[in-house]
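Counting in this note's numbering, the sequence shown runs from 83 upward without gaps. Using N, Cα and C, we set each Cβ at its ideal position, and we do this for glycine too. This structure is a prediction, so every number in the text was calculated from the model and none was measured. Report on the structure given below.
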Amino acid sequence: MMEATQTEATSVSPYAAGLNWSSELHTGDERMDHTHEEFVTMLNALLLTPQTEQLNLYREFLNHTVEHFAQEDRWMLATGFSEDNCHAGQHATILETMRAVETHYVQGDTEIISRLAEALAEWFPQHAASMDAGLAQHLKSVNFDSVTETLADPSVIKNVTMSGCGSVSCS
Ligand SMILES: [Fe+2]
Ligand SMILES: [Fe+2]
Numbered sequence: 083m084m085e086a087t088q089t090e091a092t093s094v095s096p097y098a099a100g101l102n103w104s105s106e107l108h109t110g111d112e113r114m115d116h117t118h119e120e121f122v123t124m125l126n127a128l129l130l131t132p133q134t135e136q137l138n139l140y141r142e143f144l145n146h147t148v149e150h151f152a153q154e155d156r157w158m159l160a161t162g163f164s165e166d167n168c169h170a171g172q173h174a175t176i177l178e179t180m181r182a183v184e185t186h187y188v189q190g191d192t193e194i195i196s197r198l199a200e201a202l203a204e205w206f207p208q209h210a211a212s213m214d215a216g217l218a219q220h221l222k223s224v225n226f227d228s229v230t231e232t233l234a235d236p237s238v239i240k241n242v243t244m245s246g247c248g249s250v251s252c253s
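Shown next as structure tokens:
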């Protein structure tokens with residue numbers, strides 16, 4: 083109870099310092115993990131940057147996230163997920179929010195990038211451990227090479243049609 087009171091009183095987010103890149107964030111796919119490590123590094127750098135100077139780095143981070151999510155969406159499509167699966171849907175929602183944050187920041191809300199970065203630091207470990215790790219597992223199970231983006235045997239996914247999240251929980 084003490085802790086709850088202190089958190090309320092200081093209102094400092096436990097995610098204000100960002101995330102530690104550690105094996106807990108690994109998904110089992112090396113290329114995905116490499117992209118995720120870059121994501122975490124940029125997120126942490128944003129939180130260390132004075133709020134009035136965050137715009138350029140934020141735009142770089144947004145572009146990186148567009149590529150990061152597009153990469154996973156592409157792999158899902160290549161391995162039998164339907165286009166409207168909920169993992170891709172979550173990516174689209176995050177990108178929409180990130181673009182709105184850029185607009186608000188430019189309009190004068192200079193705290194909003196830090197607030198979003200803290201929210202992403204809270205969101206990411208859960209997303210990596212569920213949807214991303216689930217995707218990595220699926221890629222392995224159908225022998226998809228994420229480096230060359232090819233299937234060892236394309237016929238294995240002929241009958242795989244996954245809407246929703248396939249084997250991955252949407253919760
Ligand atoms: Fe990811
Ligand atoms: Fe993802």
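query: Using 8 angstroms as the Cβ pair cut-off and three pairs as the minimum, do the stretch 189 to 208 and the stretch 153 to 170 touch?; result: no
query: Can you give the Cα-Cα distance for Met84 and Val94, rounded to whole angstroms?; result: Any reading at Met84 is ruled out, since the residue's pLDDT is 46, under 50, leaving its predicted position unreliable.
query: Mind reading off the beta-carbon distance from Leu144 to Met180? Whole number of angstroms is fine, and I expect it under 8 angstroms.; result: 5 angstroms
query: Between Ile239 and the rest of its own chain, which residues show a CB-CB distance below 6 angstroms, the 5 nearest in sequence each way excluded?; result: Thr161, Gly162, Val224
query: In angstroms, rounded to a whole number, what distance separates the CA positions of Leu125 and Ser196?; result: 9 angstroms
query: Check each candidate in Thr147, Leu233, Ala218, Thr230 and name the one with the smallest Cα separation from Asp111.; result: Ala218
query: For His150 versus Thr109, is the C-beta distance shorter than 8 angstroms?; result: no
query: Exposed or buried, what is Ser104 when buried is set at 16 or more other beta-carbons lying within 10 Å of its beta-carbon?; result: exposed
query: Which value, in whole angstroms, describes the spacing of the CA atoms of Ala99 and Thr134?; result: 18 angstroms
query: CB Tyr187 to CB Leu128, shorter than 8 angstroms?; result: no
query: Near Leu202, what residues of its chain come up, given a Cβ to Cβ distance below 7 angstroms and the 5 sequence neighbours on each side ignored?; result: Leu125
query: Give me the Cβ distance between Leu177 and Thr147, rounded to the nearest whole Å; I'm assuming they're in contact under 8 angstroms.; result: 7 angstroms
query: Between Arg181 and chain C, is there a C-beta pair that is closer than 8 angstroms?; result: The displayed structure is made up of one protein chain only, and chain C is not part of it.
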